[in-house]
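One structure below.
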Amino acid sequence: MTVLDILLIVLGIGALFAGFRQGIITALGTAAGFIVGWILGRLLSPLVESLSAGTDVMDNSGVIMLLASMPLVLSVLFAFAGSGIGAWIKRNMDSDLGQGIDAVGGTATAGIVYVLVIWLAAGFIRTTPLVEPNRWVADSTVIASIDRTIPYSSQNALGGLAKGLSASGFPQVFSGQPEQIRGVGEPDEGMVDVGRSVEDSVVKITTTATSCAAGSEGSGFVYEDGLVAT
């Protein structure tokens, strides 16, 4: 068992305790508020953008950022509102049986959400070139147990989520904005000479992953016969 496993177990116990204290009613209120806020933000953002098209309002970068972040902002606000409504319902619940079901349901919900977050986070780390975090994930007993329990690859789940977002599209809040291309200065002549002197040693490297059909490419530098630094 690694240090990461101990940390995940401690955080998991904390999540279960928080779920027990919060209850499933408050959790459902928070989740419902978040979803409603996200949908409302997705609907309002392009509407406000279309109504503001051709006006000076869209020349303000702050307005553009506000439109881009509207789904997230409304999601957070509605999540707080939903949490408050759920907490109010819980406080006015007189039945001991209802309170017990609420606490048990909150604990189970918190545990499921925590496992899914760890599962997706591990899948995301595996898609990155970060060596140390990948080693931590590979050595984790907790993450290995989660992978064996869930009969689906977290990388595939993230890929499906990305495809879904790509298909549905985000609000086109930057459409119609003039492109601003910043100029750059002349390159350092000394560095130009260095680049020209070593250009014959610079090579393009292509690879194919052994576990899937994905390929990647990058640059390399021949520093000795038969040896290339990537």
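Going letter by letter, the sequence shown gives residues 489 to 718 in the working numbering.
Just so it is clear, CB atoms sit at the ideal spot from N, CA and C, and this is done for glycine as well.
Among the options, which has the Cα closest to the Cα of residue i?
i	options	result
VAL592	LEU492, TYR711, THR514 and VAL690	THR514
PHE709	GLY588, THR696 and LYS692	LYS692
PRO617	SER704, ARG579 and ALA598	SER704
GLY594	LEU499, ILE512 and LEU516	ILE512
VAL603	LEU565, ASP584, GLY529 and LEU499	LEU499
GLY517	ASP584, TRP576 and LEU560	TRP576
For the alpha helix (DSSP H) holding residue i, just list the boundary residues, first then last.
i	result
LEU618	Note, LEU618: premise wrong, no alpha helix (DSSP H); not H, not E.
ILE634	629-637
VAL682	677-686
Just to confirm, are residue i and residue j a CB contact at a threshold of 7 Å?
i	j	result
SER563	TRP526	yes
ALA520	GLY570	yes
GLU537	LEU565	no
SER558	GLY529	Ser is not the amino acid found at residue 558; the sequence shown has Met there. Yes, these two residues count as a Cβ contact at 7 Å.
Note down the Cα distance separating residue i from residue j, rounded to an integer number of angstroms.
i	j	result
GLY588	SER633	29 Å
TYR711	ALA717	7 Å
ILE600	ARG614	21 Å
GLN727	VAL524	There is simply no residue 727 to check, as the chain begins at 489 and stops at 718 in what is shown.
ALA609	PHE522	20 Å
ASP493	PRO621	13 Å
THR694	GLY706	7 Å
ALA567	ASP590	19 Å
ARG579	LEU585	14 Å
Taking the beta strand (DSSP E) that residue i falls in, what are its first and last residues?
i	result
GLU705	703-712
VAL690	690-696
VAL716	715-717
Query raised in the report: On the three-pair Cβ rule with 8 Å, is the segment 639-646 touching the segment 672-685?
Result: no
Query - Three or more C-beta pairs below 8 Å linking the segment 502-512 and the segment 634-643 - result: Between the segment 502-512 and the segment 634-643 there are fewer than three inter-stretch CB-CB distances shorter than 8 Å, so the stretches are not counted as touching.
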